[in-house]
């Protein structure tokens with residue numbers, strides 16, 4: 001929904017059969033495709049079949065967001081890695097969030113060379129990524145070392161200030177005021193917003209090739225400002241769906257469409 005509110009024309013959702021109907025009921029704009037059954041994803045063959053179903057649809061996409069609500073089943077994560085590698089091979093920008101980061105933590109070496117991939121860890125996920133790759137240190141230097149070790153993907157570290165870095169050593173900080181109210185779902189909103197911005201870059205809606213670091217900072221500012229606007233309306237009653245309602249007006253304020 002965040003991708004749509006940011007400006008995506010279509011959003012395809014690849015999910016389990018058991019989740020397809022509830023997701024379809026959430027919004028008619030979502031193109032929901034069931035690609036496996038959570039009750040029977042119990043073999044390598046079924047994991048491969050899952051991956052093949054999604055890979056056959058990649059030609060329709062301009063960006064891929066992977067991980068929100070994915071779960072940690074071994075076969076599903078293996079299929080997700082296969083899909084991620086196929087998307088990267090086709091030049092698709094990929095956002096790895098939530099359980100997609102579990103895949104990165106288990107097989108960080110498999111992400112090498114994926115320079116159109118952006119990881120979006122929180123502090124705990126970042127710690128686990130660093131442990132998985134043997135990276136020590138703190139602050140900006142630890143973030144840059146992780147990017148260098150991954151050798152391709154950029155990393156957006158979410159926190160009081162959002163930090164975005166890539167393997168070249170470039171680091172940007174987004175410290176725009178957000179909201180004091182913590183609620184589940186903000187990370188999902190950021191992931192969807194990133195998906196649209198990166199899709200626009202690939203589809204030449206924005207001029208030139210939008211660097212992953214710049215896309216990360218832009219999405220962070222949009223989401224932080226939307227959170228602030230939602231908090232101004234709802235205060236402590238604010239939740240993530242309230243942020244969705246603010247994305248359109250806030251985006252227009254930050255970047256008028258000129259119509």
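Residue numbers (UniProt numbering): 1 to 259. No residue lacks a Cβ here, since even glycine has one placed at the ideal position from N, Cα and C.
Buried versus exposed, by CB contacts within 10 Å (16 or more), residue i
{"i": "residue 89", "result": "exposed"}
{"i": "residue 5", "result": "buried"}
{"i": "residue 108", "result": "buried"}
{"i": "residue 125", "result": "buried"}
{"i": "residue 39", "result": "exposed"}
{"i": "residue 166", "result": "buried"}
{"i": "residue 129", "result": "buried"}
{"i": "residue 246", "result": "buried"}
{"i": "residue 296", "result": "With the chain represented from 1 up to 259, any question about residue 296 goes unanswered, as that position is not in the structure."}
{"i": "residue 254", "result": "exposed"}
{"i": "residue 33", "result": "exposed"}
{"i": "residue 261", "result": "Since the first residue of the chain shown is 1 and the last is 259, residue 261 is not available in this structure."}
{"i": "residue 216", "result": "buried"}
{"i": "residue 136", "result": "exposed"}
{"i": "residue 21", "result": "exposed"}
{"i": "residue 74", "result": "exposed"}
{"i": "residue 212", "result": "buried"}
{"i": "residue 123", "result": "exposed"}
{"i": "residue 158", "result": "buried"}
{"i": "residue 186", "result": "buried"}
Start-to-end residues for the beta strand (DSSP E) that takes in residue i
{"i": "residue 103", "result": "Premise fails: residue 103 lies in the alpha helix (DSSP H), 99-106, not in any beta strand (DSSP E)."}
{"i": "residue 96", "result": "94-96"}
{"i": "residue 64", "result": "64-66"}
Residues bridged to residue i (per DSSP)
{"i": "residue 165", "result": "155 and 171"}
{"i": "residue 31", "result": "12"}
{"i": "residue 36", "result": "16"}
Segment limits, alpha helix (DSSP H) that includes residue i
{"i": "residue 84", "result": "74-89"}
{"i": "residue 242", "result": "240-254"}
{"i": "residue 48", "result": "44-55"}
{"i": "residue 237", "result": "Unbroken run through residue 237: none, as it is neither H nor E."}
{"i": "residue 5", "result": "2-6"}
beta-carbon residue i near the ligand ATP non-hydrogen atom, thresh 7 Å
{"i": "residue 174", "result": "Ligands in the displayed structure: none, and consequently the ligand ATP is not present."}
Exercise. Unbroken alpha helix (DSSP H) runs of length 4 or more, entirely within the stretch 114-155: which are they?
Worked result: Restricted to the stretch 114-155, the alpha helix (DSSP H) segments that are unbroken, complete and at least 4 residues in length are 123-133 and 139-150, listed in chain order.
Problem set entry | Complete beta strand (DSSP E) runs within the stretch 171-211 (minimum length 3 residues, chain order) | Counting only runs of at least 3 residues, the stretch 171-211 fully encloses the following beta strand (DSSP E) elements, listed from N- to C-terminal order: 171-174.
Problem set entry | Touching by the beta-carbon criterion (3+ pairs, under 8 Å), the stretch 118-125 and the stretch 72-85 | The count of Cβ pairs closer than 8 Å, one atom from the stretch 118-125 and one from the stretch 72-85, stays below three, leaving the stretches out of contact.
Exercise. Contact between the stretch 89-106 and the stretch 62-77: three or more CB pairs below 8 Å?
Worked result: Verdict: yes, contact present.
Exercise. Does the stretch 215-229 come close enough to the stretch 178-190 to have 3 or more Cβ pairs within less than 8 Å?
Worked result: The stretch 215-229 is in contact with the stretch 178-190.
Exercise. Can you find at least 3 beta carbon pairs, one from the stretch 44-51 and one from the stretch 165-172, that sit closer than 8 Å?
Worked result: By the Cβ rule, the stretch 44-51 does not count as touching the stretch 165-172, because fewer than three pairs are nearer than 8 Å.
Exercise. How about the stretch 183-195 and the stretch 139-155: do they share at least three Cβ pairs that are nearer than 8 Å?
Worked result: Counting C-beta pairs with one atom in each stretch, the stretch 183-195 and the stretch 139-155 have fewer than three that are closer than 8 Å, which means they do not touch.
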